[in-house]
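Only one structure is covered here, and it is reproduced in the block below.
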């Protein structure tokens, strides 16, 4: 049993049919649930955003604006004051910001997310007697009411003076006295008395000394995880190092990968992700095209990790040495590319762990280790860890040390293979632990699984997640899915990373090999999702033949790199590389494409055309994308886009600048003609230029 | 300070800029957040319904089906078992029900809400080794796999045997042995071995002895308040007792009200609600039509409570004695009508509390009590209680005793006047206290206030709430509002009570006096909302003249009963009484109209026509209502209603029975013609007859 029991929150493990004594909730004396003093009248009904009431953290990136909303009110007409409190976990210093009422009892305050780390926030509120008085005084008309109100206000001001000191106290005491004198002076004009009572400068002084004795504190301290920008925005490129060489048939090396870095950087990718680079098991090794029998020279699947040369902390000797790896990390960083490591917590039968830690595996009565299976499917080359092991603590520690090992080599981004087949409690712990020491670590979940499982992984700490994008192809599917991804509460913890292909998924839409499909899926991923990636060079070279299985096309690539070496064309202008380069340039220079918030689908009267707008947080950058989903025919339609939503006057022309082609269109009104020929380019990615110059901008017009 | 401080949950009151030491969350040893044992692999991601994560209770009525949904899964392909646990608060006995997987990791279980009271529920789950094995065994094909699996299963079965006893233990031990022998016997047919392993009866035995060591418990124990049916369904009738007499100008009495009971009962009302019946203040008494000056004989507003004769526990002498009141309660019950009391926690200036408990009021520097005001509006006849009083505990106790006093007289339903101008913490406490002793007490909030305030009152314990129905008149407004009211989470705690009029609100739509409007608003309220009410006889006699204010029509009635005696026609067939009688009969005999769930708006291609369907919980009762909102013209339209949604085959004719007129229509297909002449009746309220008889039902057809 772990030392950490003291950390338990509310959760207990019972036995079946426990007759547990229940805390009796038998109150009789008057008491309030939200505050110890029944006189506390402010209500903090909700604080947003929140994930599962604070069980999980909201995610933001450093430098981003964090806007907190609180639903606060009180009984009657009195005026609450509301404070947002936020702090770094573990710090005693708390920041406090006044919240402002927008409407409908919704109060807001914002702060800039600081350096990566874990933070908390909550809201405090109290009914402010002075503020309520001030609010009423503004609307008072009758002289007698004003006189009495001035005397009431003087009481509150004297109370504030007692909480103040020095010149503030003097100022307030004097003001209270003047109000009382004025109220008593029958000669004094009550309009002047009212003006004195509403004096702005002195009002501001009182506000600095509020009476917070009866403040109410929202019950939850909501967690916030701040990550670095790359968690929210990045373009990923996946390649198999063993196919990175020039000579066909020769096993590629990490040095070969280093040779590809300039191309990857030139294409504008931020992250270079490599499948596992560890020794590959020899026992039960899979042959080409996932066959059960190997032939001499078969290299096996990189995800069958571990052999006599070592396991998760070792390198496949054919790829090179740890020094080569460190050099690759350094070279990449020089070019602005970060290396992403694959974390696949599973073992080949000959992984050293099997002998060294038999307790970490599930043993069958025949003395063999239980391999991965989902009957009738079997994966004899993979031994899963047994997360119900008696030595689960030893297992967790060792797996954590794997991540730490690669962090020590300079890696900060981890793509995690099939996280949903490992214990969720483990992931929550290990990601929390790693990020506590390394708040800039980023974890991408390969969570191709059921929706709730996928979301749980995001909640418990994954920075990003693979998505169903690959299987969302029609206008309706794309619209519904990306609308869902940009809505609360998911948008606050689930960051999609959209991939048109992966080594495991060659979607049927791509199997026709049409260039227009490869282009449109690329552009959709790159403009719908702030994080996207491709598995190359298969993607840009439009590799499209599937492996046939019982006469039907599978979603696997024919002659997949997962099981054999491949040789690729690495020239800079091959296939879609120029288009990829262009779209990545566009992504880097347009803030709207670097965030998933601010996505709005636009109406267009053709089901082959999907149109959407992305706006940057500050509203200054607006990108409108229209994609023709039909790879065969030119499609036309009328796009509904009201210029007033862009801050442009209704009858003012504005310019749409297609960033892919550099074409410029002048639009006016609310409906705009679109025509897209898939044989040229199946999409517009247009920047909105706020206003066109006209004669009034000409020097002599004035 | 209250004794109840120990009850505080998480909420603390801080001082400004507290440098509070924060619990450091510095874990290093492996540990899970949801369970003390890291091997616990089940995940309970959500339990629904829940209101604010369990801070407030979900509401149901006794006899209703309570369906709980849990989102439960585990890593990989293993099979969780999920249990719903529920119990009465304060009881040590816990009921446990197995939950069933519907789809998408959503598990369900239902129980019938027991007697009114407070309950709790939560969910437990564990990964079940035997169940996972059983699930895999079903799909195993290869003989060798089946043999090994039989041996694995035998281990789990032996473990279950160890948890069992007596004949169960013997049965399981024998079964495990047989499986092991069969697996070892090379002659044994593996199909037979598999069949033996999947034996249903023995499987059921194992399931009774699960291994729950690693079970996970959802962190929250969610509260459930069960009320009696009247909280969910009831027809209310409001009348002013002082206008209940026969002789014009004579002050009506409680005995006069008793004379009206047969009429109220005959009209089919369940609840008779009377404005306050306490002594009415004389100081600052309002005159007719809300004037500031009274004339001799002016009776004042019943909401200006308290005079020398007494306060909230006294009766206005003109109305009668406490014995009269008790007799009225008893007479009403005889006729199936319950009396609802008005709770208006405010005082006239001459209320005895003002002298006896000066600390309960806010005093101004001139020695006067602060009356109610919202500058520039003043209500000098009303002194609000000061919920920030030093003696707040004394105030709370006294107000609670007022409710208890009337419960002792036989009243169990309370309509609370302006609850949003009294402390929310007080309401939560007092309703909780009262319902703990009297779980059948019902509270209706007159919460004509902002949406979040209205919802908070419902959350903290009000059984029902007045709504914005009065101001929702167009098809779009009605559709949007009632859709919102029937959606989670509101539907789980907010029960609307829809009123087409109140003594305070004569909506402009009624001011034209058209009979069709009075009819349609009545029928909308009675069919859209399970709880509805009218303020009569003003409503059914179609009283429609507003008091003019500065030349424009107010929403107040002209010559309102709030300030003077009125005399009414009490004959059974006057005005809309026959229609009211009919619709209340329909409500009583159709379960679909007794619940707010199961409301679906139907498409109809005319904006003057609004159409909707209500289905009872068991689906057996379906009511389709169509209302013509245009009081002038006959309107026609095509109603979209797919018979398949009613369980009727697509090409099968079905009968629609208009329960208002007894007309019967035969419909077929998906689109149905509607024609409504407002001068006859502006609505259809139709029951769906599931299937028409045809020749196949005729005896000789077979």
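Chains as they are written, first to last, in our numbering: chain A, 1 to 702; chain B, 1 to 702. Backbone N, C-alpha and C define an ideal beta-carbon position, used for all residues, glycine too.
Separation of residue j from residue i, as counted between CA atoms
i: residue 689 of chain A; j: residue 681 of chain A; result: 22 Å
i: residue 438 of chain A; j: residue 290 of chain A; result: 38 Å
i: residue 374 of chain B; j: residue 130 of chain A; result: 15 Å
i: residue 105 of chain B; j: residue 419 of chain A; result: 17 Å
i: residue 393 of chain B; j: residue 385 of chain B; result: 13 Å
i: residue 209 of chain B; j: residue 166 of chain B; result: 13 Å
i: residue 397 of chain A; j: residue 345 of chain A; result: 13 Å
i: residue 275 of chain A; j: residue 661 of chain A; result: 35 Å
i: residue 379 of chain A; j: residue 445 of chain A; result: 21 Å
i: residue 161 of chain A; j: residue 425 of chain B; result: 30 Å
i: residue 436 of chain B; j: residue 228 of chain B; result: 14 Å
i: residue 607 of chain B; j: residue 32 of chain A; result: 48 Å
i: residue 583 of chain A; j: residue 64 of chain A; result: 24 Å
i: residue 704 of chain A; j: residue 239 of chain A; result: No answer is possible for residue 704 of chain A: the residues shown for chain A start at 1 and end at 702.
i: residue 658 of chain A; j: residue 664 of chain A; result: 6 Å
i: residue 711 of chain A; j: residue 686 of chain A; result: Given that chain A is displayed from residue 1 to residue 702, the structure contains no residue 711 of chain A and the question cannot be resolved.
i: residue 329 of chain B; j: residue 297 of chain B; result: 29 Å
i: residue 543 of chain B; j: residue 415 of chain B; result: 23 Å
i: residue 256 of chain A; j: residue 241 of chain A; result: 7 Å
i: residue 683 of chain B; j: residue 81 of chain A; result: 49 Å
Short Cβ contact (9 Å threshold) for residue i with residue j
i: residue 456 of chain B; j: residue 527 of chain B; result: no
i: residue 270 of chain A; j: residue 342 of chain A; result: no
i: residue 260 of chain A; j: residue 247 of chain A; result: no
i: residue 776 of chain A; j: residue 56 of chain A; result: Because chain A spans 1 through 702 in this model, residue 776 of chain A falls outside it and cannot be assessed.
i: residue 449 of chain B; j: residue 496 of chain B; result: no
i: residue 231 of chain B; j: residue 464 of chain B; result: yes
i: residue 222 of chain A; j: residue 60 of chain A; result: no
i: residue 307 of chain A; j: residue 565 of chain A; result: no
i: residue 501 of chain B; j: residue 234 of chain B; result: no
i: residue 547 of chain B; j: residue 556 of chain B; result: yes
i: residue 150 of chain A; j: residue 172 of chain A; result: no
i: residue 508 of chain B; j: residue 553 of chain B; result: yes
Residue i CB to nearest heavy atom of the ligand ATP below 8 Å
i: residue 407 of chain B; result: Absent from the structure shown: the ligand ATP. Ligands present: none.
Span of the alpha helix (DSSP H), counted from its first residue to its last, around residue i
i: residue 183 of chain A; result: 166-184
i: residue 405 of chain A; result: 392-408
i: residue 479 of chain A; result: 475-485
First and last residue of the uninterrupted beta strand (DSSP E) at residue i
i: residue 507 of chain A; result: Element bounds for residue 507 of chain A: n/a, residue is neither H nor E.
i: residue 111 of chain B; result: 106-112
i: residue 421 of chain A; result: Element bounds for residue 421 of chain A: n/a, residue is neither H nor E.
i: residue 156 of chain B; result: Here residue 156 of chain B belongs to no beta strand (DSSP E); instead the alpha helix (DSSP H) covers 143-163.
Any contact between the stretch 313-326 of chain A and the stretch 281-297 of chain A? By contact I mean 3 or more CB pairs, one from each, below 8 Å. no
Closer than 7 Å, Cβ to any Cβ of chain A: which residues of the stretch 413-424 of chain B, in chain order? 420, 421, 422, 423, 424
Using 8 Å as the Cβ pair cut-off and three pairs as the minimum, do the stretch 588-597 of chain A and the stretch 611-630 of chain A touch? yes
May I ask you to list, following chain order, the residues of the stretch 450-476 of chain A that have a beta carbon less than 7 Å from some beta carbon of chain B? Those residues of the stretch 450-476 of chain A that come within reach of chain B (Cβ to Cβ, closer than 7 Å) are 450, 451, 452, 453, 456.
Would the stretch 188-206 of chain B and the stretch 156-170 of chain B be scored as touching if the rule is three or more Cβ pairs under 8 Å? yes
Give the residues from the stretch 354-388 of chain B that approach chain A closer than 7 Å (Cβ to any Cβ), ordered along the chain. 364, 365, 366, 374, 375, 376, 387, 388
Below 8 Å, how does it come out for the stretch 326-340 of chain A and the stretch 354-372 of chain A: are there three or more Cβ pairs, yes or no? no
Should the stretch 665-681 of chain B be regarded as contacting the stretch 631-646 of chain B, the criterion being three or more beta carbon pairs within less than 8 Å? Taking 8 Å as the limit for Cβ pairs, the verdict is that the stretch 631-646 of chain B does touch the stretch 665-681 of chain B.
Count Cβ pairs between the stretch 480-490 of chain B and the stretch 504-522 of chain B that sit closer than 8 Å; are there 3 or more? no
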